[in-house]
Amino acid sequence: MEKTYFVHESSYVDEGCKVGEGTKIWHFSHVMSGCTIGKKCNIGQNVVISPGVTLGDGVKIQNNVSVYTGVVCEDGVFLGPSCVFTNVINPRAFIERKTEYRKTTVKKGASIGANATIVCGHDIGRYAFVGAGSVVTKNVPDYAMVYGTPARIRGYVCQCGEKIAFADGRATCSACGKEYKMNEKSEVEEI
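In case it helps, our numbering puts the sequence shown at residues 133 to 323.
Next comes the structure, spelled out in structure tokens:
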């Protein structure tokens, strides 16, 4: 069966991986067994994708990213250069904790900036934006823009990535015109 994806000759894709049509895996990367990678993904240079990771369609992973077991990235997720995920809360070199891995889901359309760290067990909401260098230590709501150490909500963003401002519980994106409302639970919803 002919491969329908590209793997640079310096990279490894272990047996037992599913890689979608049109995906590109660039220099010095390693995709470990049991991974599922969607269609039209772009996996940059020096990326490690650990066993059991799931990537949706159209995921873009920049150079030097480590995506560890327990991570799920839904469609259209962007992972910036050198961002990293953890999968154990209290690691020790001399204690094996593979049964303690915690799941992290990066939901549809979310972006994580360069050098950000996502502590395991915390989900990143749909279309959320995590600023460069941030350390995420709790769940990030849909459309939230977070940054800092630890990351805190500093505003909200549209699906197109532009910052939106709420007035009387409503916001309209100045770039694309999408409209949003803040519901009674302080959650952002597209109108």
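For each residue, glycine too, the CB sits at the ideal point set by N, CA and C.
(message) Once the 5 residues before and after C167 are set aside, which same chain residues still bring their CB inside 6 Å of it?
(response) Taking the first residue of the sequence shown as 1, we reach residue 167 at position 35. The beta carbon of C167 lies closer than 6 Å to those of C149, I181 and V185 in the same chain, with the five residues before and after it left out.
(message) If I measure Cβ to Cβ from V216 and keep anything under 6 Å in the same chain, skipping five residues before and after, which residues do I get?
(response) Counting from one through the sequence shown, the residue named residue 216 turns up at place 84. S198 and T249, listed in sequence order.
(message) Taking the straight line between their C-alpha atoms, what separation do you get for T237 and H159?
(response) The residue you call residue 237 lines up with position 105 of the sequence shown. The residue you call residue 159 lines up with position 27 of the sequence shown. Between T237 and H159, the C-alpha separation is close to 26 Å.
(request) State buried or exposed for S306, treating a residue as buried only when at least 16 other CB atoms are found within 10 Å of its CB. (result) Along the sequence shown, one-based indexing puts residue 306 at 174. Exposed.
(request) Can you give me the Cβ contacts of V204 inside the same chain, cut-off strictly under 6 Å, excluding the 5 residues immediately before and after it? (result) The sequence position of residue 204 within the sequence shown is 72, counting from 1. So the list reads T186 and T237, once near-sequence residues are dropped.
(request) Measure how close the beta-carbons of I256 and A242 come, nearest whole angstrom, since I'm counting them as under 8 Å. (result) Within the sequence shown, numbered from 1, the residue matching residue 256 stands at position 124. Within the sequence shown, numbered from 1, the residue matching residue 242 stands at position 110. Correct: roughly 5 Å between the Cβ atoms.
(message) I'd like the span of the beta strand (DSSP E) that includes I285, first residue to last.
(response) Within the sequence shown, residue 285 is the residue found at index 153, counting from 1. R284 to V289 is the extent of the beta strand (DSSP E) around I285.
(message) For the beta strand (DSSP E) containing M277, name the first residue and the last one.
(response) Residue numbering aside, residue 277 sits at position 145 when the sequence shown is read from its first letter. Taken as a continuous stretch (DSSP letters only), the beta strand (DSSP E) holding M277 covers A276 to Y279.
(request) Would you kindly report the start and end of the unbroken beta strand (DSSP E) that includes A302? (result) On the sequence shown, residue 302 is found 170 positions in, with the first residue counted as 1. Here residue 302 turns out to be Arg, not Ala, going by the sequence shown. Its beta strand (DSSP E) spans residues R302 to T304.
(message) Just to confirm my understanding: we take Q291, look at its own chain, exclude 5 residues before and 5 after, and list those with CB closer than 7 Å. What are they?
(response) On the sequence shown, residue 291 is found 159 positions in, with the first residue counted as 1. Only G241, Y259 and K310 meet the Cβ criterion.
(request) Would you mind sorting A283 into buried or exposed? The rule is 16 or more other CB atoms within 10 Å of its CB. (result) For the purposes of this step, residue 283 is taken as the residue at position 151 of the sequence shown. Under this definition A283 is a buried residue.
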